[in-house]
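Heads up: the sequence shown begins at 1 in UniProt numbering, then just goes up one per residue.
Cβ coordinates follow ideal geometry from the N, Cα and C atoms, glycine included.
Because the structure is a prediction, the values reported are computed rather than measured.
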Amino acid sequence: MKNEHAAKVLQAVRDLAPAINARSAEIDAARRLPPDLLGELKAAGCFRMFLPRSHGGHEVDMRTGMEVLEALARADGATGWTVMIGSESPHLFALLSRERFDAVYAAGPDVIIGGGFNAQGEAHEAEGGYRVTGRWSFASGCEHASYLFGNCVLMDGGRPRINAATGAPEMRGMLFPASEVRVLDTWSVLGLRGTGSHDIAVEGAFCPAESSFDIFNGRSTVPIPGFVAPVLHFVLHMGAVGVGIAQGALDDMVTLARSGKKRLYARAELADSPLFQVHLGRAEMNVRAARALLRETGDELWATCVNDPAAAAALAPRISGALAWATEAAVRTVDACYQAAGGGAARDVSPMQRRFRDIHTFSQHAAAAEGWFGQTGASLLGHATGFWT
1 MKNEHAAKVL QAVRDLAPAI NARSAEIDAA RRLPPDLLGE LKAAGCFRMF LPRSHGGHEV
61 DMRTGMEVLE ALARADGATG WTVMIGSESP HLFALLSRER FDAVYAAGPD VIIGGGFNAQ
121 GEAHEAEGGY RVTGRWSFAS GCEHASYLFG NCVLMDGGRP RINAATGAPE MRGMLFPASE
181 VRVLDTWSVL GLRGTGSHDI AVEGAFCPAE SSFDIFNGRS TVPIPGFVAP VLHFVLHMGA
241 VGVGIAQGAL DDMVTLARSG KKRLYARAEL ADSPLFQVHL GRAEMNVRAA RALLRETGDE
301 LWATCVNDPA AAAALAPRIS GALAWATEAA VRTVDACYQA AGGGAARDVS PMQRRFRDIH
361 TFSQHAAAAE GWFGQTGASL LGHATGFWT
């Protein structure tokens with residue numbers, strides 16, 4: 001059951017959705033969220049929704065967070081994705097010391113982080129911290145972030161430091177004030193253009209030890225259910241964005257069909273075609289099935305985080321498989337809508353074209369790859385999965 005804060009955030013987003021949808025072309029062309037829209041999203045509580053109430057946030061539950069992100073992505077895919085990244089900021093800050101976490105939020109709750117999860121940097125130990133050089137891709141929202149981070153391989157004598165237990169190089173995220181990081185204008189892409197996911201870079205920058213954290217295996221210093229196993233929460237948030245994009249395409253398709261759309265050389269209007277109705281019905285079922293799977297999986301994760309936090313990691317294979325399957329279902333849905341929309345869907349002014357570009361860009365994300373089904377299958381067979389390797 002939603003608390004009053006969660007309900008207010010969700011309602012505020014639903015109220016904003018029509019205006020966001022009307023600005024989709026503008027967001028796409030700007031390759032970032034317009035500053036005034038960013039302000040409206042902050043005022044709605046989007047970037048503080050997961051933050052503890054003790055720090056000025058709304059501390060929403062998993063289900064509400066997914067509903068918020070789906071509603072935003074349904075209006076505009078890039079907005080949904082950008083808010084997803086920004087709203088997850090406290091999960092990452094919570095991997096720092098509790099004192100550092102408190103200091104970050106001392107001035108207010110709407111602190112946004114961006115950066116790169118892939119270890120594309122090197123960190124060399126220095127007195128009190130690390131000297132860091134690297135360039136990271138896909139730093140969504142980097143132009144409006146207060147802090148930026150990059151995951152790094154820890155170096156020892158010019159070589160990667162190897163973890164004795166895993167045999168893999170040791171990695172650690174390095175956090176910097178955004179003013180200390182260069183943003184490189186590289187985000188010229190097929191879809192999700194409005195996320196502003198440019199490259200970021202530092203050269204020989206100093207990162208204090210207290211500003212470094214373990215992204216994938218670190219322990220949260222904030223003891224609330226929403227901060228147990230942050231990366232697993234992130235995976236389900238992604239799924240909600242994908243479902244939102246697909247639902248938006250369905251919305252657009254229904255609107256187009258009801259407008260009297262008639263395909264070239266067709267005898268009847270599209271809405272009167274039994275074949276179109278079959279395809280539309282199948283697409284609707286795909287979206288509903290994907291949403292149901294993600295919500296059921298999210299509910300299971302949330303209950304585990306509340307009742308048995310130590311067991312959350314065991315859910316990783318099913319959670320990763322759920323995202324992979326939901327992504328495939330979303331792609332099928334958008335592809336069916338794009339095909340049914342006819343030649344007009346190929347035009348830049350078509351919202352269907354934007355949905356098509358967004359979902360196919362979304363599906364290229366490593367976390368949504370079909371290979372994660374292998375983790376799910378391996379776990380069913382009782383094999384160790386090595387989730388992050």
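- Across the set Met285, Ala283, Val254, Glu284, the C-alpha of Val254 shows the shortest separation from the C-alpha of Leu270.
- Here DSSP, grouped into helix, strand and coil, assigns Glu127 to coil.
- Apart from sequence neighbours up to five positions away, the residues of its chain that approach Gly80 with a beta-carbon distance below 6 Å are Leu69, Leu72, Ala73, Val241, Gly244, ordered along the chain.
- The beta carbon of Ala313 sits closer than 7 Å to the beta carbons of Ala229 from its chain, once the five residues preceding and following it are set aside; these are given in chain order.
- The straight-line gap separating the alpha-carbon atoms of Ala257 and Ser197 is approximately 34 Å.
- DSSP, reduced to helix, strand and coil, places Cys142 outside both helices and strands of the structure shown, so it counts as coil.
- The beta carbons of Gly226 and Glu59 sit closer together than 9 Å.
- The straight-line gap separating the alpha-carbon atoms of Arg357 and Ser24 is approximately 13 Å.
- Pairing Asp214 with Gly173 gives a Cβ-Cβ distance under 9 Å.
- Non-local beta-carbon contacts of Ala367 in its own chain, meaning distances under 7 Å to residues more than five positions away in sequence, involve Val235, Met238, Leu323 in chain order.
- Burial state of Gln247 is buried, judged by a 10 Å Cβ sphere holding 16 or more other Cβ atoms.
- The region 148-158 and the region 166-181 touch, with three or more beta-carbon pairs separated by less than 8 Å.
- Inter-segment contact for the region 358-365 and the region 278-295 is absent: fewer than three beta-carbon pairs are separated by less than 8 Å.
- Taking 9 Å as the cut-off, the Cβ atoms of Cys142 and Val83 do not count as close.
- The Cβ atoms of Asp28 and Ala78 lie closer than 9 Å to each other.
- If you draw a straight line from the Cα of Ala316 to the Cα of Leu232, it is about 7 Å long.
- Counting only runs of 3 or more residues that sit fully inside the region 169-239, the beta strand (DSSP E) segments are 171-177, 182-184, 198-208, in chain order.
- At a Cβ-Cβ threshold of 9 Å, Ser140 and Gly114 count as neighbours.
- Relative to the Cα of Gly298, the nearest Cα in the group Phe276, Asp308, Ile319 belongs to Ile319.
- In the structure shown, the three-state DSSP call for Thr166 is coil.
- Phe149 has Gly115, Leu175 as its beta-bridge partners, per DSSP.
- The Cβ atoms of Ser87 and Met49 lie closer than 9 Å to each other.
- Taking 9 Å as the cut-off, the beta carbon of Ile200 is found closer than this to the beta carbon of Val181.
- In the structure shown, Pro52 falls within a coil segment according to DSSP collapsed to helix, strand and coil.
- Rounded to whole angstroms, the gap between the alpha carbons of Gly377 and Ala22 is 42 Å.
- Only residues of its own chain outside the window of five on either side were considered, and among them Ala94, Phe227 have a CB closer than 6 Å to the CB of Ser220, listed in chain order.
- As a beta-bridge residue in DSSP terms, Pro160 pairs with Met155.
- Each of Ile112, Ala119, Leu280 was checked against the Cα of His144, and the nearest Cα belongs to Ile112.
- Looking at the DSSP output, Arg135 bridges to Ala201.
- Pro309 and Leu148 have their C-alpha atoms some 29 Å from each other.
- In the three-state scheme derived from DSSP, where H, G and I count as helix and E and B as strand, Glu59 is classed as coil.
- Bridge pairing for Glu122: Thr133, Val153 [DSSP].
- DSSP places Glu370 outside any alpha helix (DSSP H), giving it a letter other than H or E.
- If only uninterrupted beta strand (DSSP E) runs of at least 3 residues are considered, none is enclosed by the region 306-356.
- Taking the Cα positions, Thr304 is about 7 Å away from Ala311.
- For the pair Ser137 and Gly121, the CB atoms are not nearer than the 9 Å cut-off.
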